[in-house]
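Numbering (my numbering), first residue to last: 96 to 312.
The C-beta atom is built at its ideal place from N, Cα and C for all residues, glycine as well.
None of these values were measured; they are calculated from a predicted model.
These notes concern the structure reproduced below.
Structure follows, in structure tokens:
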């Protein structure tokens with residue numbers, strides 16, 4: 096599998112995660128991104144034995160976009176600390192069904208239902224906050240930019256569905272999504288402080304060429 100390597104040094108690996116590839120091994124036993132990248136490093140640098148690669152954050156399996164991995168335990172620890180301190184910034188682009196309002200901050204409490212592998216809004220759950228800005232509207236679809244303040248599982252998909260504007264193609268949280276459609280959520284940019292040089296790092300991808308993102312180009 097050819098992975099788009101955006102940046103790499105001795106401490107970091109920034110890549111574009113393909114859609115429908117799990118970030119790490121799951122019950123499906125399908126090839127996962129973490130092990131694909133470990134193999135890449137092992138072969139490129141002719142490294143013997145096991146290769147270390149730290150998972151700092153995640154994307155849902157059907158979601159593609161930008162991710163950073165840590166090549167040392169020290170880098171992993173420092174990046175994870177940035178995540179905890181909300182210094183690690185991620186921007187998502189999504190297409191939702193309907194003409195959503197211009198700008199909004201959503202605050203909910205999300206509870207994971209492990210038995211059914213879904214997340215639901217529940218007062219006993221963990222706080223989830225995101226804000227969004229509408230960028231465009233066409234064919235009863237709204238293109239929005241999303242900034243996450245918290246990083247809960249399925250957060251964007253659940254909160255927007257609960258708000259009344261489910262993501263296009265989300266077969267889990269959009270009751271009108273059709274079989275075979277791809278969820279229209281994309282991790283477009285990422286920003287963090289380099290764990291050793293302390294330099295501010297920013298990486299950004301173009302929107303995918305696939306429908307429905309391509310109708311807004």
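Pairwise C-alpha distance: residue j and residue i
i           : j           : result
residue 134 : residue 146 : 8 Å
residue 294 : residue 286 : 11 Å
residue 162 : residue 185 : 9 Å
residue 252 : residue 268 : 7 Å
residue 299 : residue 241 : 14 Å
residue 137 : residue 156 : 24 Å
residue 171 : residue 228 : 31 Å
Sheet register partners of residue i (DSSP bridge)
i           : result
residue 190 : 238
residue 116 : Bridge partners of residue 116: none, in fact.
Within 8 Å, strictly: CB atoms of residue i and residue j
i           : j           : result
residue 192 : residue 261 : yes
residue 197 : residue 225 : no
residue 190 : residue 307 : yes
residue 116 : residue 99  : no
residue 166 : residue 105 : yes
residue 118 : residue 127 : yes
residue 204 : residue 221 : yes
Identity of the residue in the options nearest residue i by Cα
i           : options               : result
residue 149 : 211, 238 and 108      : 108
residue 206 : 131, 218, 200 and 197 : 218
residue 310 : 160, 237, 195 and 202 : 237
residue 176 : 194, 188 and 151      : 151
residue 187 : 102, 298, 281 and 276 : 281
residue 254 : 305, 276, 115 and 199 : 199
residue 302 : 246, 239 and 265      : 239
residue 230 : 170, 209, 195 and 263 : 195
residue 169 : 121, 291, 182 and 243 : 291
Contact with chain D by residue i, beta-carbon distance below 8 Å
i           : result
residue 303 : The chain inventory of the structure shown lacks chain D, comprising one protein chain alone.
Every unbroken alpha helix (DSSP H) inside the segment 128-216 [4 residues or more]: 128-139 and 168-179
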